[in-house]
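J.: Structure below; questions to follow.
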Amino acid sequence: MGVGEDGITGEVIGAAIAVHRELGPGLLESAYEACLAYELSDRGMSVECQKSLPVVYRSVNVECGYRMDMVVEGALVVELKTVERIMPIHEAQLLSYLRLSGHRFGLLLNFNVNVLKDGIRRLVNGYSNQ
């Protein structure tokens, strides 16, 4: 697609808003993931869902069962939630995924809100931008 991280982030947020407008809050995370993946693919973006994330321990990849919800355009890690509110542990989870995967940018999207913009957190290099 050839867009930078800000462009990818904007596209993902736009697609997530479209999904949220269509479905509303209250569904399982897996439903939002499938619909968001479809929406992003329909917009011509590459999406990897449930991408395995090994932990490197003493130079060995140890498969621990970690999975990133989505990696978009090979650059942006997207973690989906359907929780009452985003907690520090959710941000810590995404920051860990960024660190372990070597990706710099991540989006935390909570679909269990009335207006999706209230459920978006962008994380960059360990700093949260709301």
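For the sequence shown, this note's numbering gives the first residue as 1, with consecutive numbering after it. The beta-carbon is built from N, C-alpha and C at its ideal position, and this holds for glycine as well.
Which same chain residues, not among the five before or five after Ala75, have their C-beta less than 7 angstroms away from its C-beta?
T.: Glu5, Ile8, His103 and Phe105.
J.: From which residue to which residue does the beta strand (DSSP E) around Arg21 run?
T.: First-last for Arg21: Glu5 to Leu23, but that is the alpha helix (DSSP H), not the beta strand (DSSP E).
J.: Rounded C-beta distance between Cys49 and Glu33? I'm assuming under 8 angstroms.
T.: Confirmed, about 6 angstroms.
J.: Here's a check: name, in chain order, each residue in its chain whose Cβ is nearer than 7 angstroms to the Cβ of Leu53, leaving out the five neighbours to either side.
T.: Closer than 7 angstroms at Cβ, skipping near neighbours: Tyr66, Arg67, Met68, Tyr97, Leu100 and Ser101.
J.: Give the C-beta separation of Val132 and Asn112 to the nearest angstrom, bearing in mind that I take them to be a contact with Cβ-Cβ under 8 angstroms.
T.: Outside the shown range of the chain (1 to 130) lies residue 132, about which nothing can therefore be said.
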